[in-house]
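As structure tokens, the structure follows; a few thoughts come after it.
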Amino acid sequence: MQPDSRIQMIPLSRKRAHSDAGDQPGPSGRPFDSPLEGRGHNIYVSNIAGTVLRSQLTGRSRVDRRQAESLLLGRYCGTLRPQLINAPNNPYDKIFACAWLDHERVIFGTKCNRMLVHNLRTLHQQEVAPPELPPCAHATQHPPLMNPYGACGIHSIRVSPSGALFTSGGADVNQLAVMDAADCAPRKLFVRHQDWVFQTAWVSDHQLLSGGRDGKVVLWSVDLASPGLTGGTAPVKVKEPCKGSKVRDLAHDIASGLTVSLDPGDMGTPALHCFRVAPTTRTLRKLPLRHAEDMYSIALGEGARVCAVGSASDVVLLDPRARPASSEVGRHRHCDAEGLRSLSINGHVVAAGGSCATLSFLDLRAGRWVESASGKGPATLRLEGGYCSVPPYLLNMWDGFLPGEEHHALYSQAWSPSGLQLLAGGGPLQYGVRGYYAAVFS
3 MQPDSRIQMI PLSRKRAHSD AGDQPGPSGR PFDSPLEGRG HNIYVSNIAG TVLRSQLTGR
63 SRVDRRQAES LLLGRYCGTL RPQLINAPNN PYDKIFACAW LDHERVIFGT KCNRMLVHNL
123 RTLHQQEVAP PELPPCAHAT QHPPLMNPYG ACGIHSIRVS PSGALFTSGG ADVNQLAVMD
183 AADCAPRKLF VRHQDWVFQT AWVSDHQLLS GGRDGKVVLW SVDLASPGLT GGTAPVKVKE
243 PCKGSKVRDL AHDIASGLTV SLDPGDMGTP ALHCFRVAPT TRTLRKLPLR HAEDMYSIAL
303 GEGARVCAVG SASDVVLLDP RARPASSEVG RHRHCDAEGL RSLSINGHVV AAGGSCATLS
363 FLDLRAGRWV ESASGKGPAT LRLEGGYCSV PPYLLNMWDG FLPGEEHHAL YSQAWSPSGL
423 QLLAGGGPLQ YGVRGYYAAV FS
């Protein structure tokens with residue numbers, strides 16, 4: 003008996019499987035709390051499909067159960083459809099960051115240094131301006147870094163654990179802003195980096211981390227009681243894990259207290275730096291990323307049991323808790339010809355956004371890409387629609403290029419609080435082409 007493909011998929015609760023609750027090693031020899039076989043993973047099945055799944059799996063081995071789960075997961079991923087978000091009066095350029103403010107409102111940050119809040123229920127849109135540093139603060143803090151090429155964009159939007167605040171970039175390339183999630187009003191503006199701010203991560207509701215192109219990771223204390231935008235914004239600690247290089251991406255797991263930063267290897271071998279920020283910013287280990295190039299994104303799983311790194315050809319899976327010699331626990335070649343631009347982890351599923359308008363899903367428990375419902379290849383979704391504008395001079399420069407052949411890279415993504423919807427943002431990969439792609443997959 004096969005589950006009805008028309009049934010809407012919803013997640014089961016985060017309880018252990020009734021027959022998998024022990025701590026004995028799994029079929030691969032790893033304990034159940036290892037990166038690829040951790041507890042508490044979501045399985046996207048419907049109520050009826052869940053009943054069918056349990057009836058089908060009675061008396062079967064763990065391997066058989068995972069095969070059935072993988073089939074249901076492929077059926078779910080194959081039914082995801084995008085709900086496009088358009089801003090016809092505001093031709094934004096490339097969405098570099100996105101997040102869920104609540105179950106109805108989403109926010110996007112663009113390359114042109116603008117932010118857009120979109121209400122999925124009412125379709126109301128609100129543009130939010132990045133805060134500017136007060137003129138009187140320039141004398142006591144770092145002066146603004148004028149970018150000769152224009153705005154570098156909003157590269158990071160992260161919502162605090164309580165959902166009351168979110169981070170964004172400021173009016174200048176080296177500024178970090180903390181905004182109120184309710185009305186998007188600026189609360190604090192931090193200045194310490196000497197180059198672009200690439201990523202942020204919340205340690206708690208009162209502390210956050212930022213990583214930039216200057217190779218530094220800065221720990222900030224968010225003191226909303228101090229007056230003014232810049233009051234009480236001195237950095238708590240400054241760490242430089244990527245000397246001579248840059249911090250391309252940053253992630254923090256609150257449960258384990260572990261932070262990882264991505265060094266793309268501008269001055270040597272790419273590496274993942276693992277450290278803790280409390281009680282000291284002590285580096286635990288440096289995990290080299292050999293045979294990988296063009297890395298832009300990482301995603302840290304729950305409990306820091308696994309960290310996914312996207313490269314030009316593979317998704318590399320690492321255990322940040324292990325020693326460098328045994329840290330790599332998997333490597334999966336993807337189908338995007340231009341490499342991956344964004345990653346996110348939801349339970350035991352890694353969503354991989356590609357440069358060539360692709361969105362694929364990696365099943366960590368099965369150890370392979372999620373297959374389509376037909377079983378003929380991976381369940382890869384193609385990004386269609388969006389806005390794109392090609393300058394006339396580029397049409398003459400690109401041999402054989404025709405309007406309509408451009409495609410969007412998926413630069414950012416974020417799962418909804420329920421885990422059922424995936425927010426995606428991107429834009430044209432080709433240099434000089436303006437445009438954006440925004441959608442909610444459900």
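Heads up, the sequence shown is in the working numbering, so the first residue is 3 and it goes up one at a time. Glycine included, every Cβ here is placed at the ideal spot set by N, Cα and C.
1. Just the C-alpha distance for L396 and S362, rounded to the nearest angstrom, thanks.
2. If I'm right that M297 touches R370 with Cβ under 8 Å, what's the distance once you round it to whole angstroms?
3. Tell whether a beta-carbon distance below 8 Å holds between F261 and R278.
4. Exposed or buried, which one is C337 when buried takes at least 16 other CB atoms within 10 Å?
5. Any chance the CB of R107 is under 7 Å from a heavy atom of the ligand MG?
6. Classify Y395 as helix, strand or coil using the three-state DSSP reduction.
7. Quick one: what's N348 bridged to in DSSP?
8. Would you mind sorting E129 into buried or exposed? The rule is 16 or more other CB atoms within 10 Å of its CB.
9. Three Cβ pairs or more, each shorter than 8 Å: is that satisfied between the stretch 426-444 and the stretch 166-184?
10. Got a sec, what are the start and stop residues for the beta strand (DSSP E) M117 sits in?
11. Quick test of your reading: A354 and L364, contact by CB under 8 Å. State the CB separation rounded to the nearest angstrom.
12. Just the C-alpha distance for V238 and L221, rounded to the nearest angstrom, thanks.
13. Does chain B have any CB closer than 8 Å to the CB of H195?
14. Report buried or exposed for T202, applying the criterion of at least 16 other Cβ atoms within 10 angstroms of its Cβ.
15. I'd like the list of long-range same chain contacts for H120, defined as Cβ closer than 6 Å, with 5 residues on each side in sequence excluded.
16. Rounded to a whole number of angstroms, what is the C-alpha to C-alpha distance between S212 and V224?
17. Measuring only the C-alpha atoms, how far is K218 from K241?
18. List the residues that DSSP assigns as beta-bridge partners of K190.
19. Once you ignore the five residues that flank G259 on each side, which residues in its own chain have a CB closer than 7 Å to its CB?
The answer reads as follows:
1. 30 Å
2. With a Cβ gap of about 22 Å, M297 and R370 do not count as contacting.
3. Looking at the sequence itself, residue 261 is Thr, so the reference to Phe does not match. A contact, by the Cβ cut-off of 8 Å.
4. exposed
5. As far as ligands go, the structure on display features none, and thus does not contain the ligand MG.
6. helix
7. V351
8. exposed
9. no
10. 117-121
11. 6 Å
12. 5 Å
13. The chain labelled as chain B is not found in the depicted structure, where only one protein chain is given.
14. buried
15. I87, V108, Q127
16. 12 Å
17. 6 Å
18. V180
19. R278, A280
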